[in-house]
Amino acid sequence: MFDTPKNIEHWEHFHGFPDGKEANVPTMAQDKNHDGFIDLPETEEVSGTTMVPLDDAPQDMNIPHDGYPVADENGHYEYEIDIPLEKLQAKFKDAFGTEDLQLDKRVVYVHGVPKDLELPDTVGGCVMSYDAHTTLPIAAGKIEEA
Ligand SMILES: [Cu+2]
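The sequence shown lines up with residues 157 to 302 when you count with the numbering used here.
In structure tokens:
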């Protein structure tokens, strides 16, 4: 990733619909409250729910924690990981009732803006001890087979 907010951790996951409906990237149409931000709750209509983290152990499906990539002072980071597929599928089945990840129907999100960025009170997306600065989406893209 290039040009992300620098020196902070960036949560990233694939999001989707447990029922297999196709997830899509959000547009400004998702800014339902017209505050200029598309926050996490506003993404759910088109992108579904947070499913699998792209962190230090995706197969654990532990979403709210500090195990995600951190951008350097230029806002750059690289992320690559080998995932034990059977472990992930078992965990995915516990959460969503199927082992089928349906990657062709998922959208990858990257999150995270600097703590000192002033956000209107209308921006939601707190997850446990993490506030909207951690969960605010900064990029999204559909997964395509390579
Ligand atoms: Cu996410």
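C-beta atoms are modelled at their ideal positions from N, C-alpha and C, and glycine is treated no differently.
So, is residue i buried or exposed, given that buried needs 16 or more other C-beta atoms within 10 angstroms?
{"i": "V226", "result": "exposed"}
{"i": "H267", "result": "buried"}
{"i": "P276", "result": "exposed"}
{"i": "S203", "result": "buried"}
{"i": "Y235", "result": "exposed"}
{"i": "L292", "result": "buried"}
{"i": "L273", "result": "exposed"}
{"i": "T183", "result": "exposed"}
Is residue i close to ligand 1? I mean its beta-carbon at under 7 angstroms from any heavy atom of the ligand.
{"i": "H267", "result": "yes"}
{"i": "T160", "result": "no"}
{"i": "H190", "result": "no"}
{"i": "G171", "result": "Note that residue 171 is His in the sequence shown here, rather than Gly. Yes, the Cβ of H171 comes within 7 angstroms of a heavy atom of ligand 1."}
{"i": "T205", "result": "no"}
Comparing C-alpha positions only, which one of the options sits nearest to residue i?
{"i": "D228", "options": "I299, A295, E300 and H166", "result": "H166"}
{"i": "D216", "options": "K188, A251 and E234", "result": "A251"}
{"i": "P270", "options": "D287, V264 and D222", "result": "D287"}
{"i": "I239", "options": "L257, N230 and Y233", "result": "L257"}
{"i": "H221", "options": "P209, G176 and G231", "result": "P209"}
{"i": "D211", "options": "G192, I237, E200 and N230", "result": "I237"}
{"i": "G176", "options": "K188, D260 and E300", "result": "D260"}
{"i": "E201", "options": "A179, N189 and A213", "result": "A179"}
In chain order, what residues of the same chain lie with their CB nearer than 6 angstroms to the CB of residue i, ignoring the 5 residues before and after it?
{"i": "Q245", "result": "E255"}
{"i": "Y233", "result": "M157, P225 and A227"}
{"i": "D191", "result": "P276 and T278"}
Here's a check: name, in chain order, each residue in its chain whose Cβ is nearer than 7 angstroms to the Cβ of residue i, leaving out the five neighbours to either side.
{"i": "T206", "result": "H169, H171 and I219"}
{"i": "M284", "result": "P220"}
{"i": "D195", "result": "V279, G280, G281, A288 and L292"}
Which partner residues does residue i have in the DSSP bridge list?
{"i": "V264", "result": "F170 and G297"}
{"i": "V283", "result": "Y286"}
{"i": "T205", "result": "G172"}
Is residue i near ligand 2, going by C-beta to nearest heavy atom under 7 angstroms?
{"i": "D287", "result": "No copy of ligand 2 occurs in the structure displayed; its ligands are ligand 1 alone."}
Note down, in chain order, each residue of its chain lying with its Cβ closer than 8 angstroms to the Cβ of residue i, except the 5 sequence neighbours on either side.
{"i": "G297", "result": "V181, V263 and V264"}
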